[in-house]
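As structure tokens, this is what we get:
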């Protein structure tokens, strides 16, 4: 079974500051990892994903994430945030092989609030 | 390109009334389809998923049901809504574990 832990439920930062949203996962098989963003009253939008290869993954809106297999982590980072980055962020894991249901397991989310 | 449509955007229903939420996908065939519920402070809860027409898997026991009458149509229903059914309902689709999900815009359901 897979699980995802997002270590911070809320992260307040000031505009133009760097931010890191932390995500740890557990799985007995190789995995695919994802970060999603959700703006108020909207669906989730894919920010980036790690499938294989380079452990540093770049996504939309200037976000990037680093896959660390030894620490089973997939932390999301942005060097300088904007007010418009205020949203909830979800980390998710999918089993890399086997089965046809392609189920994603989501973390509970981290609310990023960017203050002026 | 593929698109996913979900409606209505908001819905206010009295306790005990029926429910039907619809989700359709365009531009792809034989997608996997999912219904999630998001309640305040509880993250995303997978309710149902479907890997093909007429194939429904339920993740949690509840008074909701799902159906997939056509390849790209996924319907969430209830015969009698409870107050605890309030929440934000999201439909999603994928065609592979490495693609992640594409989500609809959601339905805000309030039971009064």
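Protein chains in written order, with our numbering: chain G, -9 to 106; chain E, 535 to 646. All C-beta atoms, glycine included, are put in the ideal place defined by N, C-alpha and C. Only a predicted model underlies this, so the values are computations on that prediction, with no experimental measurement involved.
Annotation: the continuous beta strand (DSSP E) that includes residue 554 of chain E extends over 553 to 560. Counting the other Cβ atoms within 10 Å of the Cβ of residue 33 of chain G gives 16 or more, which makes it buried. In the DSSP annotation of this structure, the continuous segment of the beta strand (DSSP E) that includes residue 48 of chain G starts and ends at 46 to 48. Sorting G/-8, G/26, G/4 and G/53 by C-alpha distance to the C-alpha of residue 99 of chain G places G/26 at the top.
Nearest neighbour of residue 559 of chain E by Cα position, chosen from E/582, E/629 and E/644, turns out to be E/629. In this chain, the beta strand (DSSP E) harbouring residue 26 of chain G covers 21 to 28.
With its beta carbon less than 8 Å from one in chain G, residue 585 of chain E belongs to the interface. Within chain E, the C-beta atoms nearer than 8 Å to that of residue 31 of chain G come from 622, 640 and 642, in chain order.
In the three-state scheme derived from DSSP, where H, G and I count as helix and E and B as strand, residue 33 of chain G is classed as coil.
Legend: CB atoms of the stretch 49 to 79 of chain G lying less than 9 Å from CB atoms of chain E are not found in any residue. Within chain G, the residues 22, 84, 85, 86 and 92 have their CB atoms less than 7 Å from the CB of residue 631 of chain E, given in chain order. Across the structure, residue 12 of chain G and residue 617 of chain E are spaced so that their CA atoms are roughly 34 Å apart. Closer than 8 Å to the CB of residue 36 of chain G there is at least one CB belonging to chain E.
Secondary structure of residue 599 of chain E (DSSP, three-state): strand.
For the pair residue 37 of chain G and residue 101 of chain G, the Cα-to-Cα distance works out to about 15 Å. Listed along chain E are 577, each with a C-beta nearer than 7 Å to that of residue 99 of chain G. Taking a contact as a CB-CB distance under 8 Å, the pair residue 634 of chain E and residue 624 of chain E does not count as one, their CB atoms being some 14 Å apart. Think of a sphere of 8 Å around the beta carbon of residue 41 of chain G: the chain E residues whose beta carbon falls inside it are 632, in chain order. Membership of residue 642 of chain E in the beta strand (DSSP E) is indicated by the continuous run 641 to 645. Annotation: residue 631 of chain E is outside any beta strand (DSSP E) and is labelled neither H nor E by DSSP.
With a cut-off of 8 Å on Cβ pairs, the stretch 76 to 87 of chain G is not in contact with the stretch 545 to 557 of chain E, counting fewer than three such pairs.
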